[in-house]
Every structure is written in structure tokens, then in C-alpha cells.
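Down below is the structure, laid out as C-alpha cells.
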Amino acid sequence: MTSPARAGTGSSQSPAARRARGAAEVFLVFLRLGLTSFGGPIAHLGYFRAEFVERRRWLDDRGFSDLVGLCQFLPGPTSSQVGMAIGMLRAGWRGTLGAWLGFTMPSALLMIAFGYGMTRFGALAQSAAVHGLKVVAVAVVAQAVWAMARTLCPDRPRAALAVGAALLTLVLPTPVAQVGAIAACALAGLHGLHIAPLAHESREGFGASRRAGAVALIAFVALLVGLPIAARLTGSVPLQGIDGFYRAGALVFGGGHVVLPLLQAAVVPTGGVSNEQFLAGYGAAQALPGPLFAFAAYLGTVMQGALRGWQGGLVFLVAIFLPGWLLIAGALPFWDDLRRRDRVRAAMAGVNAGVVGILGAALYDPVWTSAIHTRADFGLALAAFGLLAVARVSPFVVVIVTAAAGWVLGLV
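Count along the sequence shown from 1, then add 674; that gives the number in our numbering.
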């Protein structure tokens, strides 16, 4: 993983000033991604790769895929955890906070607004412009799969692992199958791949000490065990809600769509949110950029009880993202030493190939199946892919152009 170069560093600046500048840069970059990254967690990884590997070169393809592989192993929102990790690599603790705020804030604020005016914004998910945004996600993911396959599957054994992982996740489209595919690819890499030694890289660290990482892991377990006990002992309804959202974020693999049954079980049977409200919010969340976990902000806003409105939205938003942040903050300080070991690197080479396969399977379902319905949709996706992969146009520009084209196609 290449060392993240600190932009704008100078000998006259103190380390604190450099970190502040880096954190501000991270926040602004992720804010733009949070406003334009439509298409769900798999598409988000495509946007991240285009921004941080190709455009800004904060890390290389192998380093990016290593992070994706690590976050696939951890429960929580994979794309958001990758973003948090990139923020920490770039600017330490402030960077991970800036990455989360920038990427999550746009969709969270929109979901809170939708909670206050659900009827007014109910048709958003069906608009032609939003359909165009789903189409551009096909192009973004296709470009990411193509580029990552060339780098991470350079030989027949790794290409075979990618194909096997894709087939497994297509036949069994569940989070358990995804984790199983990655684990199988890791074992195959450990026993069947021979990887060249890793060249020495000087780096400034992962933005957190091992002691801080250990504290984060201890806090993760303490909250997972302690919150339900505290909620039962006190009988506090708000604490019960916080516990439900924290457990949903802590125990789910596979991203935002997988967490929905857990959230529904936490808020609908208790009467806090009606099933109609839940489904309406879920439909609106599909139309927004950024992480689907921001759906928690909507649920907190409409929930009946003492903790509701924008305050409830923000509290439950933090509750659902907190376990994923604690896990990535706890794992990163130990990750660099682990990835330098030959056996770990062989296993990670297998994992990287598996990630390519899983992304390839996701390119078909759900990205392609939810966006490409007509020949016009396919033509628009193909044009967007050409702009990204051949003309090297900025993803931000491609998103805007494709959304406008989708709106025009909807009119005709």
C-alpha cells in the first residue's frame, strides 16, 4: 500500500496544522462523493477507486483492494468502512471523522428532511433523473471491475479464483456466501499462490497506535454486550432503540440492504415506526447518494417516543455507524505488519481475486438488474463507460451528464 502523501505539507507547518489541512481535504473530497455516489455499496467502491487510486493516487490498486478485502471480513457497512480507512490513512483520527461526515451527511440530512415531509418527497425514487443515476452506477462498477481484474488477476490461478467467487455469489446471493467466497479464496491463495516479496515501503503509519486500536476493539465488545444489559436494567426506551441500531450495525455482513431486516425487526414490532413508514423510507433511500445506513436517520426522525425528530435521527445514525468505525479503527493499526508476512500476502492475493469476482457478480445483480431495462438504458450505460474508461472524464461530470440524459429519455 503506497504511503499517502500529505497534500500541502511544508517544513514551516506544525504536525497539527498538517493534520488539520489533510482532514479538511478528506472532508471536502468525501462530501463531493457523498453528493454524487449513487448505486449502493458496490458502486461506491467503484467511485472510491476512481477518485483515490486513479485520480488522486492516495493509494494503489493493491492497497485499495487490501482495504476492501479487510472490510469485507469485518461486519458493518463495507463501503463506509473503506472510506473511513482511507480517511485515517490520509489524516489520522480527524481524517476518518471527516471521511464519515462528508460521505454520510448529504444522505442523512435528506433522509431527515424526508422524515419530516414523507408525502411531499415520496415520488423521488421513481424519477427519470434518478434512473439515470442508477444507470451510471453500472458504468462505474464495470470500469472498476475491468481495471481491478487487470491488476489483481494477472495470471490463470487468480483469474480462476475470481470466476469461482463470482459463480458462488451468483448462485448463492447472500452475505454468508460472500464471506464464504472470500474465505475460500484466502485458503486457496495461502496454499496455492506464490507471491513475490513485498518491497520495503516507508510510511507514516495508519493514523492510530496499536494501543488506540486495542481500546477501539475493547469498546466495540463492551458496547455490544453492555448496551442490552443497560437497556433491560433501566427499562429506557431510547436506550433500547440505541441498542437495536448498534447491534444492527455490529452484526451485519454485506452492507446496507442486509441490515434492513434487522432494523425492521427493531422498530416495527414495537410500534415505533409503522410498516408503511418503514417501506416508504426504504424506497426513498434507494434514490439517494451515499450509504444506505443513512436510512437510520429517517427512522430516528419518524419514530414515536421521547427520542424523535432530527435529534433522534442523529442519535440513531451515530449508533448504527459506531460499531463499524470501532472495528476499522481497531483493525488498521495491526494491518500493515500482517500484510507484510508472506503467508498473509499469499492469502490476501487470493482475497483480492475473490473481491474482483464478487464485484463482477454484483455488476450483474443488483447493479445491472436494477438499472438496465431497455436498449436506451444499455446505450446510456455504454456511453458512460466510454466517458469513464476511454475519455477519462471525471466521474462527477459523468454522473451529472448521465442523470440529465436519463431525464431527457424519460421525457421522450
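Built from N, CA and C at the ideal position, the CB exists for glycine as well.
Treat the numbers as computed from the prediction; the structure is a model and nothing was measured.
Of the listed residues the options, nearest to residue i (C-alpha basis)
i, options, result
"A882", "G983, L763 and L988", "L763"
"R832", "L1006, V812, C859 and A813", "C859"
"V989", "G757, V703, I916 and R884", "I916"
"V899", "R1019, P997 and D1010", "P997"
"G986", "L1000, A968 and W999", "A968"
"L966", "L702, R706, P715 and A694", "P715"
"L771", "L705, L981, P1007 and V895", "L705"
"G757", "V812, L1006 and D1011", "L1006"
"F827", "D735, A782 and A896", "According to the sequence as given, residue 827 is Cys; it is not Phe. Here the closest residue by C-alpha is D735."
"W767", "L1033, A818, L861 and A694", "A694"
"V819", "A939, L1037 and L891", "L1037"
"A862", "L1056, P1040 and R1019", "R1019"
Integer-rounded CB distance, given that residue j should sit under 8 angstroms from residue i
i, j, result
"V1073", "V815", "That belief does not hold up - the Cβ atoms of V1073 and V815 are roughly 13 angstroms apart, past 8 angstroms."
"G887", "A698", "Not really, about 24 angstroms apart at Cβ, beyond 8 angstroms."
"Q951", "V976", "5 angstroms"
"R1017", "L864", "6 angstroms"
"F747", "I856", "7 angstroms"
"A1045", "A840", "Going by Cβ atoms, the distance from A1045 to A840 rounds to 19 angstroms, so no, they are not a contact pair."
"G696", "A773", "That belief does not hold up - the Cβ atoms of G696 and A773 are roughly 11 angstroms apart, past 8 angstroms."
"G838", "G1024", "Actually they are not in contact, since the Cβ atoms of G838 and G1024 sit about 10 angstroms apart, beyond 8 angstroms."
"V700", "G750", "Incorrect: roughly 19 angstroms between the Cβ atoms, too far for contact."
"L702", "G769", "The Cβ separation is near 12 angstroms, so there is no contact."
"A813", "F1070", "Contact flag wrong, Cβ pair sits at about 13 angstroms."
"Q817", "L1062", "5 angstroms"
"L964", "S781", "Note on residue identity: the sequence assigns Gly, not Leu, to residue 964. 3 angstroms between Cβ atoms; contact."
"G743", "V942", "Not really, about 35 angstroms apart at Cβ, beyond 8 angstroms."
Residue i to residue j span [Cα, whole Å]
i, j, result
"G708", "A993", "19 angstroms"
"L1083", "R1049", "11 angstroms"
"P847", "F1052", "24 angstroms"
"L901", "Q914", "8 angstroms"
"W1081", "M1022", "42 angstroms"
"F788", "G955", "8 angstroms"
"R1014", "H805", "43 angstroms"
"L1054", "W999", "36 angstroms"
"L991", "L925", "16 angstroms"
"G946", "T1043", "33 angstroms"
"S1068", "T1076", "12 angstroms"
"N1026", "R824", "12 angstroms"
"A821", "S739", "12 angstroms"
"S711", "G854", "28 angstroms"
"L733", "F722", "11 angstroms"
"V1041", "L867", "31 angstroms"
Limits of the unbroken alpha helix (DSSP H) element including residue i
i, result
"T752", "T752 to Y790"
"H1047", "Here H1047 belongs to no alpha helix (DSSP H), and DSSP marks it neither H nor E."
"I869", "Where I869 is concerned, there is no enclosing alpha helix (DSSP H), given that its DSSP letter is neither H nor E."
"W984", "G983 to R1013"
"G909", "Taken as a continuous stretch (DSSP letters only), G909 belongs to no alpha helix (DSSP H), as it is neither H nor E."
"Y972", "F969 to V976"
"F722", "P715 to F722"
"C827", "Neither: C827 is in no alpha helix (DSSP H) and is coded neither H nor E."
"T1076", "P1069 to L1085"
"F738", "D735 to F747"
Check: residue i C-beta below 7 angstroms from any heavy atom of the ligand NAD
i, result
"F995", "The model depicted lacks the ligand NAD and carries no ligand whatsoever."
Minimum Cβ-Cβ distance from residue i to chain D less than 8 angstroms
i, result
"A882", "No chain D appears in the structure shown, which is made up of a single protein chain."
Any contact between the segment 721-733 and the segment 964-980? By contact I mean 3 or more CB pairs, one from each, below 8 angstroms.
No, because fewer than three Cβ pairs between the segment 721-733 and the segment 964-980 fall closer than 8 angstroms, the two stretches do not touch.
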